[in-house]
Every structure is written in C-alpha cells, then in structure tokens.
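So that you can map any letter, position 286 of the sequence shown is 285 in numbering that gives the first Met the number 0, and since no number is skipped, the others follow by simple counting. Working notes for the structure below.
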Amino acid sequence: MSQSLSLPRPSAQAASQRPVSGDPIADPPSGSESAVRAYSDRSQFRSARTAEFTESVIREMSRLAMKHNAVNLAQGFPDFPAPAFLKQAAADAIAAEFNQYPITWGVPAFRDAIARKYKAVYDLDIDPAREITVVCGSTEGMIASLLATVNEGDEVIVFEPYYENYHPDLQLCGASRKLVTLTPPDWTFDREELRRAFSSKTKAIILNTPNNPTGRLFTRVEIEFIANLCIEHDALCITDEIYEHIVYDGNIHVPVMTIPGMRERAVLVNSMSKTYSVTGWRVGWVLAAPDLTDSIRKVHDFLTVGAATPLQHAGITALAADAAFYNHLSIEYGARRQLLTDGLEAAGFECFRPRGAYYIMTNIEKFGFANDVEFVRHLIEHAGVAAVPGSSFFSRPELGKNYVRFCFCKKPETLAAASERLQKAF
Ligand code: PLP
0 MSQSLSLPRP SAQAASQRPV SGDPIADPPS GSESAVRAYS DRSQFRSART
50 AEFTESVIRE MSRLAMKHNA VNLAQGFPDF PAPAFLKQAA ADAIAAEFNQ
100 YPITWGVPAF RDAIARKYKA VYDLDIDPAR EITVVCGSTE GMIASLLATV
150 NEGDEVIVFE PYYENYHPDL QLCGASRKLV TLTPPDWTFD REELRRAFSS
200 KTKAIILNTP NNPTGRLFTR VEIEFIANLC IEHDALCITD EIYEHIVYDG
250 NIHVPVMTIP GMRERAVLVN SMSKTYSVTG WRVGWVLAAP DLTDSIRKVH
300 DFLTVGAATP LQHAGITALA ADAAFYNHLS IEYGARRQLL TDGLEAAGFE
350 CFRPRGAYYI MTNIEKFGFA NDVEFVRHLI EHAGVAAVPG SSFFSRPELG
400 KNYVRFCFCK KPETLAAASE RLQKAF
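In structure tokens, the structure reads:
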C-alpha cells in the first residue's frame, strides 16, 4: 500500500493534557483512596530481585541541581549540540522510511559498518552475521551479556570504584560480586588481590577501560595480566569500552579482545553515546564469539526487540568517521579536562588527573565535611554546582566518603561558569 495512513495530528490542547510528573493524573493527591492503596503495604508486588535496589544517586543529585539551578557537572551527558552530520543522517533515515522494526540483532548495513570500524582501528576481524548484536546502548549490552552468560551463584569480579550500573546488573543475574580495589592516586590494582579474587566459581570479570569514575586507562601489561587470569580460570572478560576514543596525552586504548587467547573470551560492549555525543539515541553493540552471541541475541530480543531503526542507519554514517574525527574528540576533551582541573584546583580540590573518559575524581577531605553526600548537597545549594558523591561508586559508603566526581563533557562556558562559582564558594 503506497498511501500512508492518515492520522490526525494531536491538538495543542490534547498534548498539554498528557500526564507528566507533577500532574494530578500521574501523581494522585496524597490522602485519596488510590494514593492510600498505592503507598500502603504492597510489598507482594515487589520482586525479591529488585528489593535491594537503591535509587541512582546521580539522578537524585541531578534533580537537586535542577531545583537549585546549579551548573550540572554530575551526569555524564554533553550540553552541546550533537554533530550536525549525524542529526542530518538521522533525519534522512526517517524520511527514507527506515521506521519499522529492524532485524532484532541489528540493521545489516550497520553491523557491516561496526565490523569495518573494528578492522580499521584494531585490526579485529568480526563477523557481522554471527558476532555482533546491536542493542539499546551499552546499558542494555552489559545486562544482556551478563544475563546470557552468568548463572545464579556464579562469581563475577568487578574493580572498585565501579560504574554504578554493574551492581544492580549482577543482582538481576543473581551473581555474587567479588571486588578488587583500584587505589589512588593512579587507581592501580594489586596483582595478588586480583589473582585471589579468581576461583573455580568465577564466570567473568567486568573491565571498564577507560574507566568511569576514575579516569584510569588500563595499560597493555595490566590487560595482558587480566587476560592470562581469565584464560587460566576459564573465565570471560566483559569489557565496557564506551570511552575508547576519549583518551589523553597520546595514550591509546587496548581492547581485551585483541590480546592473544582472548578473541573467544572477550565480550566487548560499546555504544554511540559518548563517542558521537548522542547519549539519548540508545544505540550500542556487543561483539562476542558466535556461541556467546547466540545467547546474547536471544536475551536482547526478549528484552527490547531492537534498537531504533533510523538511528542505526545514522550510525552507519557515524562509524565511517575518519581518524581526524576521533583525534578532534580527544583534543577537545583534553582542553576541557584542563579547564575544569584548573578551576577545581584553584578552588582547593585535590584532583586525580584522568587519562581517559570525561570525569575528574577529586579528594574533598580537607574541606572538613562529614562525608561526600553532605559535601555535594552543600555544593549544589550554596555554590550552585552539582557533582556526584564518591560513595555512589563504592560497595560501602565509607569507602567513597572522601571523593566527589565532576564531569567535563560540557561547553567551555559551562565549565568556566562552574569554576567561577566554585572559587567563590570556598
Ligand atoms: N558504561 C559506562 C562506564 C558509562 O559511564 C555509561 C554512561 O555514563 C554507560 C555505560 C551508559 O552507556 P549507554 O549510554 O551506551 O547506555
């Protein structure tokens, strides 16, 4: 049928009647019968697997930041426009009628583009037909990979501090988490501690490099050490490489999958979010050996069916970017790293200089607050700058109480405004 269905445009009035947060339809007034029903004991509807979930502190701080009109250096998303050529590619894909379900594991031409990029950048031969699953961002890539490979009772090793999603991901799998400490100022790990963390129950280790929140870029020697332990203990290495192109000082990122013996053991998770400044597009991918990909694709199919079709088409354009695009990204973020470091140091913070990703961990001990959460509340309410309390990256709040993380994926003027406010506040 060539004729499109003629659907009426929603009227402005109808649009304004949609329930939004704070709207009486979405939030029944407290004291009403439905509110009483909603908020009294309904624990039978709370699954055991979510019982221990806590609300993301990052989101809580973002809300507080909005309330106080603070400069938001908490959540890691750009406040500058996405690249014009990508926005055009997305608009073109929608106009060209790429608007229906994709093949669940990804638009073929997008998978081809991903395979071409890994060949060009890392000399990896990835079979787009059997080794790539396109997913809704790294977030889905990580949980789908874990659900596909980890059984209840399996152990999974995680470096601490860690990106906050890994903990609930492992809870959803029923896995038990083994933590290995990254120690400041360089956020290195003790090899013996890592060796001891491996056991006959170890199914996988999660490695995030370049690392959020520490800015650590694991070296080739460290990655080889981790790889050898995986081989020795017959374990997988699930890598979150979302900051692969955001590296500084001439360093380069080494994917674990390129280490001899790891081609079949590495599960590589990545996405368009950070490299192409489109965190809201929700397009990512998982690269893994065909047998692992088989299971990952099944989980992905039942979780989400597929990532947005037109945005996968735009992704073909994105992944064809040349080396100059990625160099520019590093140089731009390198300048912003310096801008924020200067601002923070001038305000009295001790900064741990990141080698990759776009966050600066700071030590706040000398400011004399009870803990990181108190400090960040004060920062938002009195300085007008939002950041993330360090404890949200640790298993126990006391381990993170001296740290606060700032992000610098923002316009230079945003970073300058934040620096000015910080200097006035302390
Ligand atoms: N992994 C890490 C380490 C991150 O820092 C983030 C976002 O901040 C994500 C994954 C989320 O990635 P995506 O937008 O692809 O779901």
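Beta carbons are placed, not taken as given, at the ideal position from N, Cα and C, and that holds for glycine.
On the criterion of 16 or more Cβ atoms from any shown chain inside 10 Å, does residue i qualify as buried, or is it exposed?
| i | result |
| --- | --- |
| R395 | exposed |
| P209 | buried |
| H327 | exposed |
| E468 | An answer regarding residue 468 cannot be provided, because it is not within the stretch 0 to 425 covered by the chain. |
| E240 | buried |
| D26 | Only weak support exists for where D26 lies, its pLDDT of 40 falling under 50; the coordinates are left without a value. |
| V282 | buried |
| F425 | exposed |
| T292 | buried |
| F84 | exposed |
| S42 | exposed |
| E130 | buried |
| V19 | With a pLDDT of 36 at V19, under the threshold of 50, the modelled position of that residue is not reliable, and the figure given next carries that caveat. Exposed, because fewer than 16 other Cβ atoms sit within 10 Å of the Cβ of V19. |
| E243 | buried |
| G260 | exposed |
| S29 | Any reading at S29 must be qualified, since the residue scores a pLDDT of 49, below 50, and its modelled position is unreliable; the value itself is stated next. The residue in question, S29, is exposed, as its Cβ has fewer than 16 Cβ neighbours within 10 Å. |
| P435 | Beyond the ends of the chain as shown, which are 0 and 425, falls residue 435; an answer cannot be given. |
| D321 | exposed |
| T238 | buried |
| T274 | buried |
| K400 | buried |
| P410 | Correcting the residue type first, residue 410 is Lys in the shown sequence and not Pro. With fewer than 16 other Cβ atoms within 10 Å, it is exposed. |
| G305 | buried |
| G152 | exposed |
| L302 | exposed |
| A386 | buried |
Hey, is residue i close to ligand 1, as in C-beta under 7 Å from one of its heavy atoms?
| i | result |
| --- | --- |
| G75 | yes |
| N207 | yes |
| Y472 | Here the chain comprises residues numbered 0 to 425, so residue 472 is not present and cannot be evaluated. |
| G260 | no |
| N71 | no |
| N492 | Beyond the ends of the chain as shown, which are 0 and 425, falls residue 492; an answer cannot be given. |
| S61 | no |
| D239 | yes |
| G283 | yes |
| S42 | no |
| S272 | yes |
| T278 | yes |
| S137 | yes |
How many whole angstroms separate the CB atoms of residue i and residue j, which I take to be in contact at a CB cut-off of 8 Å?
| i | j | result |
| --- | --- | --- |
| L343 | A415 | Their Cβ separation, rounded to whole angstroms, is 12 Å, which puts L343 and A415 out of contact at 8 Å. |
| W280 | A307 | 7 Å |
| V384 | A69 | 6 Å |
| R296 | T132 | 5 Å |
| F407 | Y357 | 5 Å |
| H312 | A92 | 4 Å |
| L216 | H166 | At roughly 23 Å, the Cβ-Cβ gap does not stay under 8 Å, so L216 and H166 are not in contact. |
| F393 | P160 | 5 Å |
| E192 | T180 | 7 Å |
| T361 | Y332 | Incorrect: roughly 18 Å between the Cβ atoms, too far for contact. |
How would you write the range of the alpha helix (DSSP H) that residue i sits in, first residue to last?
| i | result |
| --- | --- |
| I139 | The sequence as given places Glu at residue 139; Ile does not occur at that position. Residues 136–148. |
| N326 | 322–345 |
| E231 | 219–231 |
| V285 | No alpha helix (DSSP H) contains V285, which is instead part of the beta strand (DSSP E) from 283–286. |
| V298 | 289–303 |
| T361 | It is not in any alpha helix (DSSP H) - T361 instead sits in the beta strand (DSSP E) that spans 358–362. |
| R176 | Taken as a continuous stretch (DSSP letters only), R176 belongs to no alpha helix (DSSP H), being part of the beta strand (DSSP E) at 175–180. |
| I374 | Correcting the residue identity first, residue 374 is Phe in this sequence and not Ile. That run of the alpha helix (DSSP H) goes 371–377. |
| R420 | 411–424 |
| V120 | 107–121 |
| Y165 | 165–172 |
| T428 | There is no way to answer for residue 428, as the model of the chain reaches only from 0 to 425. |
Over the uninterrupted beta strand (DSSP E) stretch that includes residue i, give me the two end residues.
| i | result |
| --- | --- |
| A270 | Correcting the residue type first, residue 270 is Ser in the shown sequence and not Ala. That run of the beta strand (DSSP E) goes 265–270. |
| A203 | 201–207 |
| C236 | 235–239 |
| Y402 | 402–406 |
| F351 | 349–351 |
| V157 | 154–159 |
Between the stretch 135–146 and the stretch 102–111, do at least 3 Cβ pairs fall closer than 8 Å?
Verdict: no, contact absent.
Would you be able to state if there are at least three C-beta pairs under 8 Å between the stretch 45–61 and the stretch 352–370?
Too few Cβ pairs lie closer than 8 Å, so no.
Please confirm if the stretch 60–75 is in contact with the stretch 371–383, defined as three or more CB-CB distances below 8 Å between the two stretches.
Yes, they touch.
How do the stretch 211–223 and the stretch 179–191 stand: do at least 3 beta-carbon pairs fall below 8 Å, yes or no?
The answer is yes - the stretch 179–191 touches the stretch 211–223, with three or more Cβ pairs under 8 Å.
The stretch 341–355 in contact with the stretch 140–147 per 3-pair CB rule at 8 Å
No, they do not touch.
Should the stretch 310–317 be regarded as contacting the stretch 155–170, the criterion being three or more beta carbon pairs within less than 8 Å?
No: fewer than three Cβ pairs fall under 8 Å.
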